[in-house]
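Below is one structure; the comments refer to it alone.
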Amino acid sequence: MKKLFILCNIIAASICVNAQSKLIHKDTTNDDALFSINKPDSANHTKSYSYKVGFKSDRAYFGVQPALGFGWNRFMDNGHIGVSSSNADLTLKKGPEFILYVIGGYVKLDKHKQWQLSTSLGWDWNTYHFEKNITLKKGQDQLTYTIDDSKNFSKNLLRSTYLTMPLTLTFKPVRGSDFSIAAGVEGGLLLGGKTKQISKEDGKVKKTGTFNLNPTRAGLFFGIGYNDFGLYAKYYLSDVFANGQGPKGLKTVAIGLSFGLF
């Protein structure tokens with residue numbers, strides 16, 4: 000994915016800058032979260048410029064807090080993993096998920112810092128690779144597609160992009176340990192959808208639209224973690240497609256790996 004490639008390059012560049020010159024560092028000595036940038040002036044003297052980007056105290060923080068998630072999503076049709084015979088045309092070959100949070104915050108709920116309530120704001124990309132040669136139609140009142148078996152798609156996918164915000168309760172069962180258990184709820188607002196098809200007959204074809212995807216969604220999630228690394232599972236209470244515009248009871252479930260999520 001191009002977004003993932005760009006993100007990896009940004010992270011790599013940041014690591015190089017910090018390792019070679021120590022130009023940028025985070026100041027955690029004050030209640031506010033500060034980033035200081037050291038720059039040489041015309042006389043080659045180093046000057047420090049501090050920028051306030053959030054709030055920080057001993058028990059709380061809000062500001063820039065990057066977190067990533069890499070997962071695999073599947074359809075769940077009325078309580079069963081996969082799709083029913085009536086929705087067989089929507090059978091998935093695979094379904095990667097990518098999550099990027101850029102802003103976050105937390106509050107430690109007890110003096111031993113074993114309980115934490117946190118939230119984040121970012122994007123969630125769910126990709127559905129279809130097994131059959133279906134072509135989704137945009138701008139329809141209901142989910143509409145055609146099937147063309149004369150074409151052989153090497154790639155045939157639908158990707159949704161949601162602005163997402165989780166609310167997470169995290170518990171560390173062993174005081175002083177980095178092991179944690181987390182559970183919470185998540186809300187999402189649809190930013191858009193995209194289809195991508197690659198075939199010998201038509202080459203690469205991309206289309207953008209909503210494709211009858213649910214404009215809002217809500218879900219539940221559970222995770223376990225150690226330090227910044229974790230495993231998560233998600234179940235969306237909302238249907239994949241908008242009410243009355245697609246198969247009823249067709250939902251998304253996902254499992255994956257997280258970095259800095261809880």
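In terms of numbering that gives the first Met the number 0, the sequence shown has 110 at position 111, counting the first letter as 1, and numbering is strictly consecutive. Glycine residues also receive a C-beta, built at the ideal position from the N, C-alpha and C atoms.
Give the DSSP-derived three-state secondary structure of residue i in the structure shown.
{"i": "Ser85", "result": "helix"}
{"i": "Glu130", "result": "coil"}
{"i": "Ala12", "result": "For Ala12, the predicted model reports a pLDDT of 45, less than 50, meaning its position is unreliable and no value from the coordinates is stated."}
{"i": "Gly248", "result": "coil"}
{"i": "Pro172", "result": "coil"}
{"i": "Arg58", "result": "coil"}
{"i": "Pro65", "result": "strand"}
{"i": "Thr90", "result": "coil"}
{"i": "Lys136", "result": "strand"}
Can you say whether residue i is buried or exposed, counting buried as having 16 or more other CB atoms within 10 angstroms of its CB?
{"i": "Ile98", "result": "buried"}
{"i": "Asp57", "result": "exposed"}
{"i": "Ser84", "result": "exposed"}
{"i": "Gln115", "result": "buried"}
{"i": "Asp140", "result": "exposed"}
{"i": "Ala182", "result": "exposed"}
{"i": "Phe178", "result": "exposed"}
{"i": "Ser117", "result": "buried"}
{"i": "Pro95", "result": "buried"}
In the DSSP assignment, what residue or residues form a beta bridge with residue i?
{"i": "Thr194", "result": "Leu157, Lys206"}
{"i": "Lys233", "result": "Phe220, Ala253"}
{"i": "Leu120", "result": "Ile102"}
ask   = Are the stretch 136-155 and the stretch 194-213 in contact at 8 Å, needing three or more beta carbon pairs?
value = Taking a contact to require three or more Cβ pairs closer than 8 Å, the stretch 136-155 and the stretch 194-213 qualify as touching.
ask   = Any contact of the stretch 204-215 with the stretch 241-251, i.e. 3+ C-beta pairs under 8 Å?
value = A contact is defined here as three or more CB-CB pairs under 8 Å, and the stretch 204-215 meets this definition with respect to the stretch 241-251.
inquiry  = Does the stretch 125-133 come into contact with the stretch 81-93, if we say contact requires no fewer than three beta-carbon pairs (one atom in each stretch) closer than 8 Å?
reply    = Output reads yes: the stretch 81-93 touches the stretch 125-133.
query = Is the stretch 104-114 touching the stretch 76-83 in the sense that three or more CB pairs, one from each, lie closer than 8 Å?
reply = The stretch 76-83 is not in contact with the stretch 104-114.
ask   = Can you find at least 3 beta carbon pairs, one from the stretch 244-252 and one from the stretch 166-177, that sit closer than 8 Å?
value = No, they do not touch.
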